[in-house]
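Chemist:
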Amino acid sequence: MKEIMIINLMRLGDLVQTTPLLRAVRREHPTARITLVVQDVFQEVAELMPGYDRLVVLDFLRLAPLVDQEGQNLLAAYDYLATITATLKNPRSDLVINLTPNRLGAILTRLVAGPEVRGLTMTADRQFRSQPAWMAYMLCAAKHYRFNPFNIVDQFTRGGGFRPQGEGVALKPPATVLDQVDRHLAALGRDPSTWLIGLQPGASAVLRQWPPESFVTLARLLLETHSCHFLLLGTEKERHLGEFIQARLPVGVTTSLMGQTRIADLAAYLARLQLLITNDTGTMHVACGVGTPVLGLFLATARVHDTGPTGRGHLALQPRLDCYPCQNTGVCTSLRCHQALDPALVAHLAQHRLQGQPLTQIDDNPFWENVDVFVSDYDDQGYQVYYPLICRPLDPAYFWNLVMRLGWRWLLDGSPEPLRLVVQQGMEFIRRYFQPPINRLRALQREQALQELIQLAQQGLKRTGQILPLGVDADRHLARIKTLGERLAQIDTAIVRLGHIFPEIASLVEMFQLAQTYLEGSDLIPLTRQTRELYGQLYRQGKIFLKILSLCDCQWNDSDLRRDHPLPSSASWLTGAETNFAAPNSF
Amino acid sequence: MNIYEKNLAVLRKTRPALAERLGQVVVPPHFQVVQARNGQPILKIGEVSLHSPYDPTAEGQRWAWAQEPPSAGEPLVIFGLGLGYHWQYFLDTADSLFVVEPSLEVARLALEQVDLTPLLERQGLRVGRDFYDLPRPARLLVHQPTLRQQRGAYRRLERWLADPSQPGPATADAVVGRPLKILVISPLYGGSYPIAQYCTRAFKRLGHQAEMLDHGPFFPAYKALEQISRTPQHTLGLKQGLLRLISEAILVKAAEYKPDLVWALAQAPLDCQLIKALQDQGSRVAYWFVEDFRVMTYWRELAPAVDAFLVIQEEPFYQALEKAGVEKYAFLPLATDPEIFRLLELSPAEKRRFGSALAFVGAGYLNRRQVFQGLTDFDLKIWGSDWDLKSPLGPYIQCQGARISAEDSVKIFNASRINLNLHSSPFHQGINPEGDYLNPRVFDLAACGAFQLVDWRGQLPRFFKPGEEIVTFTTVEELRQQIDYYLAHPEEREAIARRGRERVRRQHTYEHRLAQALQLIEELNPGAWPTRQPPATTIGQLLNRLPDDSSLKSYLARWDPTETVSLEGLATRIAQGQGKLSEPEGIILFLNEFRQGLQRGQL
Numbered sequence: 032m033k034e035i036m037i038i039n040l041m042r043l044g045d046l047v048q049t050t051p052l053l054r055a056v057r058r059e060h061p062t063a064r065i066t067l068v069v070q071d072v073f074q075e076v077a078e079l080m081p082g083y084d085r086l087v088v089l090d091f092l093r094l095a096p097l098v099d100q101e102g103q104n105l106l107a108a109y110d111y112l113a114t115i116t117a118t119l120k121n122p123r124s125d126l127v128i129n130l131t132p133n134r135l136g137a138i139l140t141r142l143v144a145g146p147e148v149r150g151l152t153m154t155a156d157r158q159f160r161s162q163p164a165w166m167a168y169m170l171c172a173a174k175h176y177r178f179n180p181f182n183i184v185d186q187f188t189r190g191g192g193f194r195p196q197g198e199g200v201a202l203k204p205p206a207t208v209l210d211q212v213d214r215h216l217a218a219l220g221r222d223p224s225t226w227l228i229g230l231q232p233g234a235s236a237v238l239r240q241w242p243p244e245s246f247v248t249l250a251r252l253l254l255e256t257h258s259c260h261f262l263l264l265g266t267e268k269e270r271h272l273g274e275f276i277q278a279r280l281p282v283g284v285t286t287s288l289m290g291q292t293r294i295a296d297l298a299a300y301l302a303r304l305q306l307l308i309t310n311d312t313g314t315m316h317v318a319c320g321v322g323t324p325v326l327g328l329f330l331a332t333a334r335v336h337d338t339g340p341t342g343r344g345h346l347a348l349q350p351r352l353d354c355y356p357c358q359n360t361g362v363c364t365s366l367r368c369h370q371a372l373d374p375a376l377v378a379h380l381a382q383h384r385l386q387g388q389p390l391t392q393i394d395d396n397p398f399w400e401n402v403d404v405f406v407s408d409y410d411d412q413g414y415q416v417y418y419p420l421i422c423r424p425l426d427p428a429y430f431w432n433l434v435m436r437l438g439w440r441w442l443l444d445g446s447p448e449p450l451r452l453v454v455q456q457g458m459e460f461i462r463r464y465f466q467p468p469i470n471r472l473r474a475l476q477r478e479q480a481l482q483e484l485i486q487l488a489q490q491g492l493k494r495t496g497q498i499l500p501l502g503v504d505a506d507r508h509l510a511r512i513k514t515l516g517e518r519l520a521q522i523d524t525a526i527v528r529l530g531h532i533f534p535e536i537a538s539l540v541e542m543f544q545l546a547q548t549y550l551e552g553s554d555l556i557p558l559t560r561q562t563r564e565l566y567g568q569l570y571r572q573g574k575i576f577l578k579i580l581s582l583c584d585c586q587w588n589d590s591d592l593r594r595d596h597p598l599p600s601s602a603s604w605l606t607g608a609e610t611n612f613a614a615p616n617s618f
Numbered sequence: 018m019n020i021y022e023k024n025l026a027v028l029r030k031t032r033p034a035l036a037e038r039l040g041q042v043v044v045p046p047h048f049q050v051v052q053a054r055n056g057q058p059i060l061k062i063g064e065v066s067l068h069s070p071y072d073p074t075a076e077g078q079r080w081a082w083a084q085e086p087p088s089a090g091e092p093l094v095i096f097g098l099g100l101g102y103h104w105q106y107f108l109d110t111a112d113s114l115f116v117v118e119p120s121l122e123v124a125r126l127a128l129e130q131v132d133l134t135p136l137l138e139r140q141g142l143r144v145g146r147d148f149y150d151l152p153r154p155a156r157l158l159v160h161q162p163t164l165r166q167q168r169g170a171y172r173r174l175e176r177w178l179a180d181p182s183q184p185g186p187a188t189a190d191a192v193v194g195r196p197l198k199i200l201v202i203s204p205l206y207g208g209s210y211p212i213a214q215y216c217t218r219a220f221k222r223l224g225h226q227a228e229m230l231d232h233g234p235f236f237p238a239y240k241a242l243e244q245i246s247r248t249p250q251h252t253l254g255l256k257q258g259l260l261r262l263i264s265e266a267i268l269v270k271a272a273e274y275k276p277d278l279v280w281a282l283a284q285a286p287l288d289c290q291l292i293k294a295l296q297d298q299g300s301r302v303a304y305w306f307v308e309d310f311r312v313m314t315y316w317r318e319l320a321p322a323v324d325a326f327l328v329i330q331e332e333p334f335y336q337a338l339e340k341a342g343v344e345k346y347a348f349l350p351l352a353t354d355p356e357i358f359r360l361l362e363l364s365p366a367e368k369r370r371f372g373s374a375l376a377f378v379g380a381g382y383l384n385r386r387q388v389f390q391g392l393t394d395f396d397l398k399i400w401g402s403d404w405d406l407k408s409p410l411g412p413y414i415q416c417q418g419a420r421i422s423a424e425d426s427v428k429i430f431n432a433s434r435i436n437l438n439l440h441s442s443p444f445h446q447g448i449n450p451e452g453d454y455l456n457p458r459v460f461d462l463a464a465c466g467a468f469q470l471v472d473w474r475g476q477l478p479r480f481f482k483p484g485e486e487i488v489t490f491t492t493v494e495e496l497r498q499q500i501d502y503y504l505a506h507p508e509e510r511e512a513i514a515r516r517g518r519e520r521v522r523r524q525h526t527y528e529h530r531l532a533q534a535l536q537l538i539e540e541l542n543p544g545a546w547p548t549r550q551p552p553a554t555t556i557g558q559l560l561n562r563l564p565d566d567s568s569l570k571s572y573l574a575r576w577d578p579t580e581t582v583s584l585e586g587l588a589t590r591i592a593q594g595q596g597k598l599s600e601p602e603g604i605i606l607f608l609n610e611f612r613q614g615l616q617r618g619q620l
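Chains as they are written, first to last, in the numbering used here: chain A, 32 to 618; chain B, 18 to 620.
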């Protein structure tokens with residue numbers, strides 16, 4: 032391939048998370064010219080990203096007033112887009128990868144597409160399509176993020192058609208900017224032993240913001256044990272949060288950069304930090320990109336497994352509550368998750384990381400009751416993974432996360448390995464980092480949901496099987512075909528209903544529904560054959576997940592459940608003794 | 018040549034457009050020039066004086082001395098013209114002085130009363146929003162009485178002067194043009210409940226997308242909770258629980274509906290936490306406090322939290338608001354819905370049922386019970402709730418004191434020869450001699466073309482001409498005289514009612530008020546609204562502007578050139594079209610998707 036184009040019209044964090052894909056593309060096509068297409072607001076981020084040859088920036092700021100005025104300006108907007116399209120088509124790309132999971136990206140992809148397209152696109156007959164299967168999964172996972180086990184970097188890489196290589200995100204701030212930042216930091220006159228810590232109190236939504244009061248308490252706790260200087264990071268709109276924090280801390284221990292940094296400045300400041308304590312934000316991903324350790328706080332709808340810090344050795348906290356992650360529209364008046372992340376816990380973890388102590392697994396105790404703490408790393412296949420820092424009995428939620436991870440990867444990768452072997456590898460990971468479950472985890476409800484899904488898929492196969500012979504003489508059998516069609520509609524309704532009742536299996540249902548929208552043509556027989564294929568696929572998927580459940584469950588014998596399994600060494604660094612947090616062998 | 022002509026002559030030379038505008042101003046009667054104790058003229062707007070009623074010169078001098086003088090070369094801008102007592106001292110000391118007066122009426126009266134030529138000759142007067150040519154940055158001084166009258170206008174000026182990067186009037190002045198999404202929050206019950214419905218209808222008639230979150234259905238549950246426990250604390254706790262649930266429902270609705278504006282009526286179940294959450298979701302929150310601030314004091318908590326607190330009373334409420342730290346408030350009086358309150362042809366049976374010489378519709382407040390007992394020798398009918406059936410008024414109370422629907426009220430208003438309108442007061446034994454705000458009944462009765470006798474209110478002359486469009490009373494004795502007179506003069510009664518109705522339809526409908534409200538909210542929060550909707554374009558007009566070799570031209574040429582076209586309309590057609598998607602079609606789809614993303618606030 033000579034020309035490859037990657038379209039990512041998303042925001043800061045999403046753009047940074049494209050860098051592993053860029054590296055994978057470069058590795059596989061070292062001589063190709065890679066074009067990256069981004070929106071202007073994030074041009075600065077793109078300029079820090081390595082791995083592409085040409086950057087094309089869509090001038091959204093210029094386009095916005097034009098489309099808002101219509102009339103004469105609409106023509107100007109049209110002309111602008113026609114020019115950009117011509118630029119992107121010259122030369123035509125051999126491969127276009129669109130990572131933007133919305134119609135805007137899909138239409139642009141249609142306008143500039145070459146012979147091969149990956150990601151969401153629009154077809155010539157005005158339908159939306161996505162490929163490969165990983166990309167379809169990414170679209171579905173966005174809707175059912177609560178049970179998604181894959182980090183977005185891996186979804187991007189796999190969606191682009193490449194294999195993860197155990198590489199985190201990467202950004203390179205310009206040397207001149209680093210020099211300026213160094214001069215500024217030197218001018219602060221800090222003692223060399225003072226910890227330089229970044230605080231990012233803002234987030235994309237208020238519900239995902241750890242309260243500024245908690246940041247204040249955290250900073251005070253850290254100051255009690257060590258000399259610290261805090262850089263307050265964020266946008267102009269978040270400045271009030273920084274002012275709140277600054278006003279409650281001793282004079283001279285904070286420097287607010289809120290609303291004052293360009294992306295290159297931000298990256299340079301982050302590169303000089305010893306630790307960034309942050310909500311789930313773009314700043315977090317930039318910190319990962321410049322290799323700064325992160326302590327991430329995940330609240331409300333934010334999940335570590337979804338968008339956690341990428342790379343090795345970052346810490347991420349999320350609440351351990353029955354209402355987490357938020358299941359509704361993100362509306363909440365109790366904000367229990369904000370309280371669950373106690374500043375004392377965050378301070379302990381921050382100190383540990385700042386002291387350069389190794390990350391060792393710790394025993395559970397009431398101190399950690401309401402939190403899960405994860406450490407970021409890669410598994411043997413190079414996928415991002417998060418290990419629990421607190422050694423606990425395997426709980427149903429993490430177990431299901433594992434089942435989904437094993438099942439979807441086996442299905443979407445088209446893995447040649449026997450399923451039994453894949454499950455065994457997964458179980459080795461579980462045995463290393465979890466105590467055996469307190470009860471058997473073969474949750475009946477989930478098993479029952481899968482059984483019902485399989486039955487419905489079987490019914491779909493049966494009905495489509497009945498339609499096919501009738502389709503040869505459709506006019507004669509019109510009434511019967513109509514009846515069978517109505518039955519199929521009832522089956523589909525039942526499948527969708529099942530996804531609502533059991534959100535754990537909603538990703539299967541969502542994939543099935545998405546595939547239904549991709550059916551082509553209007554002739555009865557080909558359409559029935561395609562539909563039948565979808566029911567067959569759903570049937571196989573249901574069976575696979577059921578099999579994984581069963582195989583995993585067999586891994587524990589009764590003695591396991593009596594909890595006489597040899598526990599991993601778990602002396603807590605909180606109590607002094609330490610054990611290295613071992614890297615996984617396989618997963 | 019008198020002062021006015023002298024001023025106008027100079028203004029014609031220096032700012033002819035402003036001279037033209039001020040020459041045409043008709044000053045309403047509630048703008049008055051009166052004499053201070055020392056004999057100097059002062060300006061009053063309604064009951065509010067812009068200057069000291071004792072010695073305005075001394076007051077102006079004190080004010081000027083208290084201000085920090087501008088540094089050398091620094092332009093000085095003073096908000097509030099008044100009659101010049103406060104700013105004239107700066108004519109000599111400031112290198113460059115500008116006075117910005119938001120009200121055309123005040124400027125006109127000043128022109129008539131004061132020699133403004135020293136200011137006019139240096140082109141120092143700006144009126145209304147005509148301040149976008151002022152030099153920036155500048156020192157801004159504020160005449161407090163003007164500020165209290167025109168807080169929104171002040172915020173606009175202040176913001177513009179403070180931010181030199183802000184563009185000129187084209188965008189800074191952008192008023193509501195694009196249809197807004199408005200979520201109206203009703204109370205569970207009470208007088209403001211129907212107003213929430215009228216507001217929703219009016220917003221829609223103004224072209225906005227409005228939806229009312231109707232809390233009426235929760236009222237039975239709210240009342241039912243009173244039956245659960247005899248312990249007041251328990252009942253209170255239960256009711257608070259229900260209100261919390263309703264709060265969550267509001268938040269969920271707003272999260273899904275994504276309104277530009279949340280419009281809450283008095284007694285709507287909002288608290289500061291909910292208001293903050295709504296604002297965090299990207300909505301402006303305006304609260305129309307259609308209450309007497311002396312009786313209902315919950316405004317102290319809510320008013321500082323909202324983006325606009327709209328009130329039906331002026332001073333001393335303004336001072337109380339400022340004392341409570343409220344900055345975003347403005348005056349928005351009540352109005353009527355002319356589609357509900359209208360002239361009605363009644364059947365003879367309806368006339369018999371609803372008609373009488375004298376009628377009153379409303380709740381049985383103490384002051385009304387007392388006044389109406391003095392009218393029992395007339396053919397009187399009293400409609401509404403909270404009346405004591407066992408009192409001397411018992412025989413006059415209709416329908417056993419049941420609540421009266423709006424539709425029945427309209428019939429009563431139309432059927433009665435004289436409608437009484439006595440504002441409620443919990444503080445007065447009879448008629449409140451210092452009543453300020455107007456109740457909705459004033460406007461509703463007028464809209465029905467019904468003749469009303471209303472107790473005198475300070476604000477009344479601002480809305481109606483007393484004696485011509487409405488008739489007032491201040492004592493029971495005067496009321497009885499008016500009743501006797503107007504029962505005997507039906508033609509006069511009808512003429513006054515007709516003029517009142519015309520006035521209301523011309524100036525006092527909810528559409529008038531809410532258009533003004535959106536303007537006020539925008540002034541209090543400059544840049545609050547999305548930008549203006551463009552005029553419609555036809556395909557022919559588009560084609561004329563396109564060069565011959567444009568791909569879009571050949572694409573559009575197949576369509577009817579007289580057809581009105583919008584980006585959304587084009588995109589819908591393309592999405593439903595057949596055949597292979599062409600590049601022009603793809604570009605239009607992209608632009609439409611982009612525009613929708615902008616409107617959603619998420620690309």
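All C-beta atoms in this analysis are idealised placements derived from N, C-alpha and C, irrespective of residue type, glycine included. Since the structure is predicted, the reported quantities are computational estimates derived from the model, not experimental observations.
1. Can you name the residues of chain A whose CB is closer than 7 Å to the CB of B:Phe611?
2. Short of 8 Å in beta carbon distance, which residues of its chain neighbour B:His251, apart from the five on each side in sequence? Order them along the chain.
3. Give me whichever residues DSSP pairs with B:Asn438 in a beta bridge.
4. Could you tell me whether the Cβ of B:Phe220 comes closer than 8 Å to any Cβ of chain A?
5. Just the chain A side, please: which residues come within less than 7 Å of B:Asp288 by C-beta, in chain order?
6. At the 8 Å Cβ level, is A:Met153 part of the contact set with chain B, yes or no?
7. Are at least three pairs of beta-carbons, each pair with one atom in the segment 527 to 546 of chain B and one in the segment 334 to 353 of chain B, less than 8 Å apart?
8. CA-CA distance, A:Val370 and A:Cys422?
9. Establish whether the CB of A:Tyr176 and some CB of chain B are separated by less than 8 Å.
10. In terms of residues, what are the limits of the beta strand (DSSP E) holding B:Tyr346?
11. Roughly how many whole angstroms lie between the Cα atoms of B:Gly484 and B:Pro350?
12. Terminal residues of the continuous beta strand (DSSP E) containing A:Gly150?
13. Check whether the Cβ of A:Leu326 lies closer than 7 Å to any heavy atom of the ligand GTP, and answer yes or no.
14. Report the rounded CA-to-CA distance for B:Arg143 versus B:Ala34, giving the unit in angstroms.
15. From the beta carbon of A:Thr266, is the nearest beta carbon of chain B less than 8 Å away?
16. Just confirm the distance between the C-beta atoms of A:Ile575 and A:Leu450, as a whole number of angstroms; I'd bet it's less than 8 Å.
17. Out of curiosity, what's the CA-to-CA distance linking A:Glu564 and B:Trp280?
Modeler: Looking at the atomic coordinates:
1. Correct list: Leu94, Val98 and Leu135.
2. Ile245
3. B:Val471
4. no
5. Simply none; closest approach about 10 Å.
6. Taking CB atoms only, A:Met153 has a neighbour in chain B less than 8 Å away.
7. yes
8. Per the sequence presented here, residue 370 of chain A reads as Gln, with Val not at that position. The alpha-carbon atoms of A:Gln370 and A:Cys422 are separated by roughly 22 Å.
9. no
10. In the DSSP assignment, B:Tyr346 falls within the unbroken beta strand (DSSP E) covering Tyr346 to Phe348.
11. 21 Å
12. Glu147 to Met153
13. Summarising the ligand content, the structure contains no ligands, and the ligand GTP is consequently not present.
14. 11 Å
15. no
16. 7 Å
17. 52 Å
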